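>
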Amino acid sequence: MFNWLHPYAKTERAYALCNTLLPYFFVTAVVGLLVGFIWGLAFAPSDYQQGDSFRIIYIHVPSAILSMSTYVAMAIAGFVGLVWQWKTAYMSMIAIAPVGAILTFISLFTGAAWGKPMWGTWWIWDARLTAQLILFFLYLGVLALYGAFSDKTQAGKSAAIMALVGVINIPIIHYSVEWWNTLHQGATITKFGKPSIAPSMLWPLLISIAGMVGLIGTLVMMNLKNQILRRELHRPWVIALLQKTENR
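Residue numbers in the sequence shown follow our numbering, run continuously in steps of one, and reach 1121 at the last position.
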C-alpha cells in the first residue's frame, strides 16, 4: 500500500521531490495569501457585532487550524521514522517543527489581539487557549529534544516519541469548546451544514487557508532541503550538486 513512499527514504530522491513540489507550494502561497488577505481585509463586509476587528480572522483562523494540522503531519513523519527507520522521515519531522511553532505563536498572538477588544483581556486560562499554548511548547520540546542528542538517529527516535505522545492534545484543542464552558467561540468554517459565517466572509477565509497551506509547504520544503544538505554534505551527489551550483 505504501510502496510508493519507499523511494523517498533515500535522501537524494527526497531532495528531488522537494525541488519538484516547491514551485507549486510557492505559487499557491503567493496567490492564495494575496487574494485571500486583500479580499478579506479590504472588500469583505464588516461584522455586525465586531465591526472591522473581526478581520483578524484571516490571519488567526488559518494559523490556528493549520498549527494543529501541521502537528499531525509532524507526528506522522515521526511515526514513519520509528516504524521504517527512515532518516528522511526524521528530517521531515524536524523541518516541520519550527514552521508549526511559528504558526502556533501567530495564532496565540493574534488571538490575544482579538481577545482584548472582545473579552476585555489579552489572556485568560480558557481551555482552548491553554491547550494551544501547550501545543506551542510541544513544538519547542520536539525541537529541543532533537537538538539535545549528537546522534541524530537517537535524536529522531526520541523526538518522534514525544511528537506522538503530544497528539493527544489535538482533539483537546478541537473539542475543548464543546467539552467545557469556554469563552472561545465554537466552529465557524467546519459547520457547512449550518454555516456560522457569511459566504462573503467565508470564501476569502478559505482562500487564505489555501495560501497558508502553500506557505507552510514552501517553508517545510526549504527546511527539508537544508536538513538533507547538512546531513549528507559529504555524499557524492551533494558534492556534485554544490559544485554544479558554484559553476553557474
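Glycine included, each C-beta is placed from N, C-alpha and C at the ideal position.
All of these numbers come straight from a predicted model, not from anything done at the bench.
#1: Considering only the alpha carbon of each residue, which of Ile938, Ala950, Leu1097, Tyr963 lies closest to Asp1024?
#2: Leaving out five residues on either side along the sequence, give the residues of the same chain with a beta carbon under 6 Å from the beta carbon of Ser926.
#3: Note down, in chain order, each residue of its chain lying with its Cβ closer than 6 Å to the Cβ of Leu1011, except the 5 sequence neighbours on either side.
#4: May I have the straight-line CA-CA distance separating Thr1003 from Leu1097, to the nearest angstrom?
#5: How long is the line joining the alpha carbons of Tyr921 and Ser1073, rounded to whole angstroms?
#6: Between which two residues does the alpha helix (DSSP H) harbouring Phe1124 extend?
#7: Which same chain residues end up closer than 7 Å to Gly913 when comparing Cβ atoms and leaving out the 5 residues on each side of it in sequence?
#8: Is it buried or exposed for Tyr888, if we count other Cβ within 10 angstroms and need 16 for buried?
#9: For Leu1016, which residues of its own chain have a beta-carbon under 6 Å away from its beta-carbon, when the five flanking residues on both sides are left out?
#10: Going by C-alpha to C-alpha distance, which of Met947, Phe982, His1047 sits closest to Ile967?
#11: Considering Ser940, what are the terminal residues of the alpha helix (DSSP H) in which it resides?
#12: Under three-state DSSP, which class holds Gly988?
#13: When we look at the beta-carbon of Ala1071 and count the other beta-carbons within 10 Å, is it buried (16 or more) or exposed?
#14: At 4 residues or longer, what runs of the alpha helix (DSSP H) sit wholly inside the stretch 974-1055?
#15: Kindly list the residues whose CB is nearer than 8 Å to the CB of Val945, restricted to its own chain and excluding five residues on each side of it in sequence; keep chain order.
#16: Could you tell me whether the stretch 874-883 touches the stretch 1091-1110, using the rule of 3 or more Cβ pairs below 8 Å?
#17: Is Leu1006 closer than 7 Å to Ala856 when the C-beta atoms are compared?
#18: State yes or no: is the C-beta of Gly954 within less than 7 Å of the C-beta of Ala1083?
#19: Where do the ends of the alpha helix (DSSP H) carrying Ala882 lie?
#20: If contacts are defined as beta-carbon pairs under 8 Å, then Ile949 and Leu1008 qualify, I think. What distance do you get, rounded to the angstrom?
#21: Taking just the CA atoms, how far does Trp1110 sit from Arg886?
#22: Considering Arg1103, what are the terminal residues of the alpha helix (DSSP H) in which it resides?
#23: Alpha carbon to alpha carbon, how far is Ile1112 from Ile938? Give it in angstroms, no decimals.
#24: Quick check on this structure: which residue in Lys960, Thr943, His1107, Leu981 has the alpha carbon closest to the alpha carbon of Tyr1019?
#25: Starting from Gly905, follow its DSSP beta bridges and name the residues at the other end.
The relevant details are as follows:
#1: Numbered from its first residue, the sequence shown carries residue 1024 at position 151. Asp1024 has its Cα closest to that of Tyr963, out of Ile938, Ala950, Leu1097, Tyr963.
#2: Translated into positions along the sequence shown, residue 926 becomes position 53. The residues are Pro990.
#3: For this step, residue 1011 is matched to residue 138 along the sequence shown. Apart from the 5 residues on each side of it in sequence, Leu1011 sits with its Cβ closer than 6 Å to the Cβ of Gly1039 in its chain, given in chain order.
#4: The residue given as residue 1003 occupies position 130 in the sequence shown. The residue given as residue 1097 occupies position 224 in the sequence shown. Whole-angstrom Cα-Cα distance: 30 Å.
#5: One-based indexing of the sequence shown puts residue 921 at position 48. One-based indexing of the sequence shown puts residue 1073 at position 200. When rounded, the distance between both Cα atoms is 13 Å.
#6: Only positions 874 to 1121 of the chain appear in the structure, and residue 1124 is not among them; the question remains open.
#7: As a first step, residue 913 is located in the sequence shown; it is residue number 40 there, counting from the start. Excluding positions up to five away in sequence, the list reads Arg928, Tyr931, Pro1077, Leu1078, Ser1081.
#8: The residue labelled residue 888 in the question sits at position 15 within the sequence shown. That one is buried.
#9: Position 143 of the sequence shown, counted from the first residue, corresponds to residue 1016. Spatial neighbours of Leu1016 in its own chain (CB-CB distance under 6 Å, excluding positions within 5 residues in sequence) are listed in chain order as Ala970.
#10: Stepping through the sequence shown from its first residue, residue 967 is reached at position 94. Ranking Met947, Phe982, His1047 by Cα distance to Ile967 puts Met947 first.
#11: Along the sequence shown, read from residue 1 onward, the residue named residue 940 stands at position 67. First-last of the alpha helix (DSSP H) with Ser940: 930-957.
#12: As a working note, residue 988 is residue 115 in the sequence shown. In the structure shown, Gly988 sits in a helix (DSSP, three-state: H, G or I).
#13: The sequence position of residue 1071 within the sequence shown is 198, counting from 1. When all chains shown are included, Ala1071 counts as exposed.
#14: Counting only runs that start and end inside the stretch 974-1055, the alpha helix (DSSP H) elements of at least 4 residues fall at 1000-1020, 1025-1039, 1042-1052.
#15: Within the sequence shown, the letter at position 72 stands for residue 945. Its chain contains Val1040, Ile1043 as the residues whose beta carbon lies nearer than 8 Å to that of Val945, once the 5 sequence neighbours on both sides are disregarded; these appear in chain order.
#16: As far as the Cβ criterion goes, the stretch 874-883 does not touch the stretch 1091-1110, which means the pair count is below three.
#17: Only positions 874 to 1121 of the chain appear in the structure, and residue 856 is not among them; the question remains open.
#18: In the sequence shown, counting from the first residue as 1, residue 954 sits at position 81. In the sequence shown, counting from the first residue as 1, residue 1083 sits at position 210. Result no, Cβ atoms of Gly954 and Ala1083 do not sit closer than 7 Å.
#19: As a position in the sequence shown, residue 882 is number 9, starting the count at 1. First-last for Ala882: undefined, no H or E at that position.
#20: Reading the sequence shown from its first residue, position 76 is the one you call residue 949. Reading the sequence shown from its first residue, position 135 is the one you call residue 1008. Ile949 to Leu1008, Cβ: 16 Å. No contact.
#21: Residue 886 sits at position 13 when you count from the first residue of the sequence shown. Residue 1110 sits at position 237 when you count from the first residue of the sequence shown. Roughly 11 Å separates the two Cα atoms.
#22: Position 230 of the sequence shown, counted from the first residue, corresponds to residue 1103. For Arg1103, the uninterrupted alpha helix (DSSP H) run begins and ends at 1072-1104, by DSSP.
#23: Residue numbering aside, residue 938 sits at position 65 when the sequence shown is read from its first letter. Residue numbering aside, residue 1112 sits at position 239 when the sequence shown is read from its first letter. In this structure, the straight-line span from the alpha carbon of Ile938 to that of Ile1112 is close to 40 Å.
#24: Stepping through the sequence shown from its first residue, residue 1019 is reached at position 146. Of the listed residues, the one whose Cα sits closest to Tyr1019 is Lys960.
#25: In the sequence shown, residue 905 corresponds to position 32, counting from 1. Per DSSP, Gly905 has no beta bridge partner at all.
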